[in-house]
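The opening position of the sequence shown corresponds to residue 151 in our numbering, with each subsequent residue numbered one higher. Think of the CB as a built atom: it goes at the ideal place given N, C-alpha and C, for glycine as much as any other residue. The model shown is predicted, which means the values in this text are computed figures rather than measured ones. Below is one structure, written out as structure tokens; comments come after it.
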Amino acid sequence: MASKRNPDLAATLEEIQSRLARLEAAARAPAPVAADPAKFWLVDRIARVGTKGGEVAYGGTATLPSGEQFAWQRQVAAKDLLRHEWGGLDRVLAALGHPVRLRLLRAIVHGRRTKADLEQLEGLGTTGQLYHHLKTLEAAGWVRVLERGTYGVPGERVIPLLAILAAAAG
151 MASKRNPDLA ATLEEIQSRL ARLEAAARAP APVAADPAKF WLVDRIARVG
201 TKGGEVAYGG TATLPSGEQF AWQRQVAAKD LLRHEWGGLD RVLAALGHPV
251 RLRLLRAIVH GRRTKADLEQ LEGLGTTGQL YHHLKTLEAA GWVRVLERGT
301 YGVPGERVIP LLAILAAAAG
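In structure tokens form, the structure reads like this:
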């Protein structure tokens with residue numbers, strides 16, 4: 151009935167409800183957190199280097215369950231990454247995109263390196279399938295034959311593997 155007296159009342163009420171909904175949503179949203187300088191130490195260091203176009207860096211240290219220790223780092227100009235075709239990377243990334251291959255890598259990193267140890271993992275399928283997955287990982291550089299029937303993740307690939315896993319985990 152009120153709309154007969156004021157035809158714009160319905161539109162005004164709708165606008166008020168919309169504004170109220172936006173205000174309530176903004177009130178529920180977490181307040182922006184000031185950047186913690188210690189949190190962005192890597193970004194700050196890269197900014198100090200001053201490479202035009204930016205840099206991408208990653209690295210880390212790790213002690214594997216076997217006791218082996220690794221330290222590794224890499225820094226690449228962002229413009230170089232953006233300029234080159236990414237098609238050549240598909241094989242390297244695709245090798246990590248299969249659950250069986252990830253299980254194999256995890257087992258190898260955790261010290262299960264012999265063919266006999268790896269064959270004991272559940273859900274790998276046949277010996278032929280195991281070899282197929284190991285060959286795919288080897289062709290992509292994620293696994294190396296250390297000696298006959300024994301596999302390892304090359305030292306220069308341990309930290310990059312963990313960095314990819316960390317990035318995928320968010």
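Here the stretch 217-224 lies against the stretch 297-312, with 3 or more beta-carbon pairs under 8 Å apart. Following the DSSP letters along the chain, one finds L296 inside the beta strand (DSSP E) bounded by residues 294-297. Collapsing the DSSP output to three states places W236 in coil. Here DSSP, grouped into helix, strand and coil, assigns E272 to coil.
Contact fails between the stretch 264-275 and the stretch 228-240, because fewer than three Cβ pairs, one in each stretch, are under 8 Å apart. Taking C-beta atoms as the reference points, L231 and V193 fail to come closer than 8 Å. At a Cβ-Cβ threshold of 8 Å, H260 and P215 count as neighbours. Going by beta carbons, V199 and I258 fall outside the 8 Å limit. The residues F220, in chain order, have a CB closer than 7 Å to that of G305 in the same chain once the five nearest residues on each side in sequence are set aside. The beta carbon of G209 is closer than 7 Å to those of W222, Q223, R224, I309 in its chain, skipping five residues each way along the sequence.
For T201, the closest alpha carbon among the candidates A227, L170, G320 is that of A227.
In this structure, V250 sits away from L284, with a CB-CB distance that is not shorter than 8 Å.
Across the structure, A171 and F190 are spaced so that their CA atoms are roughly 35 Å apart. Per DSSP, reduced to three states, the secondary structure at T162 is helical.
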